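Comments concern the structure below.
Residue numbers (UniProt numbering): 1 to 282.
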């Protein structure tokens, strides 16, 4: 678990800061990755990296032969310089979507039947106040093609403790032509939003509580149909959701009236929707 967390932090957020250059597809040289002090402190070896890549339940990482080698390495090579590694999605580092993701388009007829974004009661009103979902310092807004308890099994794209489900009309969004959509290698549906990094609420098919006994339908066919029940308005988001580096943590330290906490446990200001985009981005 510690190896996976360290790889996520480095490959999604910190590579540039520590001098590791990602190629156009988001891959980094594995030997440089393993030399990163945080990973070195874990005293890992090549098999530990391989385990983190192959056994991760959410398929967060991909590894392939180093394309700069004149001769491809043996498939069982344990030399880190023979390989490159990347995070499949979740970057706050600038990456070119078309290089690491597959487009979702009407022409390709590959729009998933279900696209849903999971969030928390603490962020609901701020999402509406902000005019929709925001990517903020992340590269994309993340969505799932199912629910955590669904039979198909969601491998990534939504936190298992999400409290609100925002069902999204991707087709309508594509028809309007302002919002590109992508799918990652591990099945996460992503969008960078419009030119302002925003996914407009008119593309929200429905917003419902994940637990019907707590909250019913709040939004339907692009319009609000009910308010969030009063007892839920002041519920805080679970602590420990934001794993971005401190320099990129969303929101500012605020007072007691500022609402929930971001995933790093810091109190948010009135613009806590800025942190929301990353709450479902594992």
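Beta carbons are placed, not taken as given, at the ideal position from N, Cα and C, and that holds for glycine. Computed from a predicted structure; not experimentally measured.
Straight-line CA distance for residue i to residue j?
i, j, result
"residue 74", "residue 65", "9 angstroms"
"residue 145", "residue 157", "8 angstroms"
"residue 160", "residue 148", "6 angstroms"
"residue 180", "residue 225", "28 angstroms"
"residue 59", "residue 88", "8 angstroms"
"residue 170", "residue 107", "13 angstroms"
"residue 201", "residue 26", "31 angstroms"
"residue 52", "residue 35", "16 angstroms"
"residue 49", "residue 140", "26 angstroms"
"residue 55", "residue 230", "42 angstroms"
"residue 2", "residue 100", "25 angstroms"
"residue 220", "residue 206", "4 angstroms"
Can you look up residue i in the DSSP assignment and give me helix, strand or coil?
i, result
"residue 9", "helix"
"residue 27", "coil"
"residue 290", "The requested residue 290 does not occur in the structure, where the chain is confined to residues 1 to 282."
"residue 165", "strand"
"residue 69", "coil"
"residue 189", "strand"
"residue 37", "helix"
"residue 4", "helix"
"residue 173", "helix"
"residue 225", "coil"
"residue 22", "coil"
"residue 116", "strand"
Kindly examine the ligand MN and report whether one of its heavy atoms sits closer than 8 angstroms to the Cβ of residue i.
i, result
"residue 188", "Judged by which ligands are present, the structure shown has none, so any question about the ligand MN falls away."
Using the beta-carbon count (16 or more within 10 Å), is residue i buried or exposed?
i, result
"residue 290", "The structure shown does not extend to residue 290, since the chain spans only 1 to 282, so no value can be given for it."
"residue 102", "exposed"
"residue 5", "exposed"
"residue 183", "buried"
"residue 18", "exposed"
"residue 80", "buried"
"residue 68", "exposed"
"residue 41", "exposed"
In the DSSP assignment, find the beta strand (DSSP E) that holds residue i and state where it starts and stops.
i, result
"residue 122", "Not the beta strand (DSSP E): residue 122 falls in the alpha helix (DSSP H), residues 121-130."
"residue 80", "Run containing residue 80: none; DSSP gives neither H nor E here."
"residue 141", "141-143"
Check for me: the alpha helix (DSSP H) holding residue i runs from which residue to which?
i, result
"residue 44", "Run containing residue 44: none; DSSP gives neither H nor E here."
"residue 220", "Residue 220 -> not in any alpha helix (DSSP H); beta strand (DSSP E) instead, spanning 217-220."
"residue 205", "No alpha helix (DSSP H) contains residue 205, which is instead part of the beta strand (DSSP E) from 204-209."
"residue 231", "230-233"
Problem - At least three beta-carbon pairs within less than 8 angstroms, the region 119-132 to the region 183-192 - result: no
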